[in-house]
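Please read the structure below before turning to the comments.
This is the structure we're talking about:
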C-alpha cells in the first residue's frame with residue numbers, strides 16, 4: 001500500500017491496524033512514498049476486516065437502495081364504474097418485485113369498518129373484513145409474483161364509492177397509494193308521455209326517469225339533433241338516486257314530428273324518441289271546441305236551474321202568504337169559559353167565532 005505525503009502522513013500510516021514497519025521510497029516528481037509491509041498474520045486480519053466492512057456496506061447499501069427504488073404505483077385519475085359491474089383497483093410494485101412474501105392490505109378511508117381485503121403469509125386473512133365487502137373481493141394470486149397487488153371488487157354498489165388505500169409492507173420496506181372510486185347508477189329508461197294540448201296548437205310532452213347517480217343532464221332534441229328549448233328540469237332525490245323530469249311544448253313541423261329525450265352522464269347516455277302524426281296536432285281544435293261547447297252547455301244548465309229554482313221559491317212564497325191570509329182571516333175570536341159547569345150560551349156577532357169548552361174549541365153556534 002502506498003501513501004504520498006510528508007512525515008505527518010507517515011505518522012498516520014495504518015498505525016491503528018498494524019504495527020509493522022514502513023519502507024521509504026522515492027516517487028516521480030521528487031515526492032516521497034511509503035510502503036506498508038505488514039506481517040503475514042496481520043495481513044490476514046486486515047483482509048478479513050476489509051471483507052467484513054465491504055459485506056456490511058453492501059448489505060446496508062442494498063437495504064437503502066431497495067427502500068429508495070421500490071415504490072407502489074396506481075392510477076392518478078378517479079376510477080368510474082356502474083353499479084352491478086366489476087371493477088379492478090390497480091396497485092403495482094415498481095420496479096417489478098414479487099409480493100408473494102409481502103403483506104398487502106386494502107382498506108377504505110374515512111369509514112369505521114375500513115378493512116376491505118388483507119393478504120398476509122401467502123393467504124387471504126379476511127376475518128375482520130367489513131361486512132359489506134364479504135364475498136366481493138379477490139386478488140390475483142398468480143400475479144403477485146410480478147408485483148401486481150391489484151384488487152377486484154365485484155357487483156359494485158353505490159356505497160362502494162370513496163377512497164381506497166393499497167398498503168404493501170415488507171420486513172424492511174413499505175409504501176402505499178390511494179385510489180378514488182366513483183360509482184354511477186344508470187336509471188330507468190326515459191319515458192315520454194303526452195301531458196296536455198297547448199292553447200296555441202302545440203302538444204305538451206313530459207320526459208322522466210328515475211334511479212340515477214349522479215344526477216343526469218336531460219335534453220330535448222329534434223330530428224336533426226338540435227337541442228330544443230324546454231322548461232327547467234325538475235330534480236328529486238330519494239334512496240334510489242335522482243329522479244328527473246322535463247317538459248316541452250312541440251309544434252307540427254309537417255315533414256317529420258320526431259322528438260328525442262336524451263339523458264347524459266359523464267360516461268353514459270340513454271335516449272328515447274316519440275313520433276307524433278301531423279293529424280294529431282289538429283285534434284286539439286276539436287278538443288277545444290268540444291270543451292268550450294261543454295262549458296257553455298254547463299253554464300246554460302246552471303243558469304236555467306238557478307232561474308227555475310228562483311221561480312219555485314217565489315211560488316212557494318206566494319202560496320205561503322195565501323195560506324197565512326186564509327188561516328188568519330178572522331175578524332175576532334171570542335172565548336167563553338164555563339167555570340161552574342152551568343150552561344151558558346155564547347153570542348155570535350155575525351162572523352164565525354170560536355169558544356173554549358172544557359179545553360176544546362167549538363164553533364160559536366154550538367149550543368150548550
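In full-length UniProt numbering, the protein residues as written are 1 to 368.
Built from N, CA and C at the ideal position, the CB exists for glycine as well.
Item                                                                                                                                                              : Value
State buried or exposed for residue 117, treating a residue as buried only when at least 16 other CB atoms are found within 10 Å of its CB.                       : buried
Could you check what DSSP says for residue 164 in three-state terms: helix, strand or coil?                                                                       : strand
Determine the direct distance from the alpha carbon of residue 223 to that of residue 296, and round the result to whole angstroms.                               : 40 Å
Give me the Cβ distance between residue 209 and residue 244, rounded to the nearest whole Å; I'm assuming they're in contact under 8 Å.                           : 6 Å
Can you tell me where the beta strand (DSSP E) with residue 204 in it begins and where it stops?                                                                  : 203-212
From residue 322 to residue 312, what distance separates their C-alpha atoms?                                                                                     : 15 Å
Could you pull the DSSP bridge partners for residue 176 from this structure?                                                                                      : 167
Thinking just about the alpha-carbon of each residue, which of 73, 134, 250 and 88 is nearest to the one in residue 201?                                          : 250
Should residue 160 and residue 181 be called a contact, given that it needs their Cβ atoms to be closer than 9 Å?                                                 : yes
Would you list, in sequence order, the uninterrupted beta strand (DSSP E) runs of no fewer than 3 residues that lie entirely inside the region 208-263?           : 217-221, 234-238 and 241-250
Could you check which residue in 80, 112 and 73 has the C-alpha nearest to that of residue 94?                                                                    : 73
Report yes or no: do three or more beta-carbon pairs, one from the region 133-147 and one from the region 176-190, lie closer than 8 Å?                           : no
Could you check the C-alpha separation between residue 190 and residue 262 for me, to the nearest Å?                                                              : 8 Å
Would you mind reading off the limits of the beta strand (DSSP E) that contains residue 119?                                                                      : 115-120
On the criterion of 16 or more Cβ atoms from any shown chain inside 10 Å, does residue 102 qualify as buried, or is it exposed?                                   : buried
Name the DSSP bridge partner or partners of residue 139?                                                                                                          : 151
Quick one: what does DSSP say residue 67 is sitting in, helix, strand or coil?                                                                                    : For residue 67, the predicted model reports a pLDDT of 49, less than 50, meaning its position is unreliable; a value from the coordinates is still stated below. Helix at residue 67.
Give me the residue from 104, 127 and 121 with the minimum Cα distance to residue 113.                                                                            : 127
Take the Cβ of residue 277 as the centre, count every other Cβ of all protein chains shown within 10 Å, and call the residue buried at 16 or more, exposed below. : exposed
For residue 184, does the count of other Cβ atoms within 10 angstroms reach 16, so buried, or fall short, so exposed?                                             : buried
Please look up how many angstroms separate the CB atoms of residue 192 and residue 272, rounded, as I've assumed it's under 8 Å.                                  : 5 Å
Below 7 Å CB to CB, which residues in the same chain sit around residue 120 once its five sequence neighbours on both sides are set aside?                        : 103
With distance defined between alpha-carbon atoms, name the residue in 307, 108 and 248 nearest to residue 196.                                                    : 248
Which residues mark the beginning and the end of the beta strand (DSSP E) in which residue 191 is found?                                                          : 191-197
Exposed or buried, residue 246, counting other C-beta atoms within 10 Å across all chains shown (16 or more means buried)?                                        : buried
Span of the beta strand (DSSP E) holding residue 108?                                                                                                             : 103-108
Where does residue 316 land, buried or exposed, given buried means 16+ other C-beta within 10 angstroms?                                                          : exposed
Could you check the C-alpha separation between residue 64 and residue 97 for me, to the nearest Å?                                                                : Unreliable positioning characterises residue 64 in this predicted model, as indicated by a pLDDT of 47, which lies under 50. The coordinate reading is nonetheless provided below. Their Cα atoms are separated by approximately 16 Å.
Starting from residue 370 and walking both ways along the beta strand (DSSP E), at which residues does that stretch end?                                          : There is simply no residue 370 to check, as the chain begins at 1 and stops at 368 in what is shown.
Using DSSP with H/G/I as helix, E/B as strand and the rest coil, what is residue 298?                                                                             : helix
Where does residue 83 sit, in a helix, a strand or coil, going by DSSP?                                                                                           : coil
Please confirm whether residue 108 and residue 147 have their CB atoms less than 9 Å apart.                                                                       : no
Please classify residue 111: does DSSP put it in a helix, a strand, or coil?                                                                                      : coil
Between the Cα of residue 70 and those of 309, 237 and 99, spot the shortest distance and give me the residue it belongs to.                                      : 99
In the structure shown, what three-state DSSP assignment does residue 305 receive?                                                                                : helix
If you draw a straight line from the alpha carbon of residue 300 to that of residue 314, how long is it in whole angstroms?                                       : 21 Å
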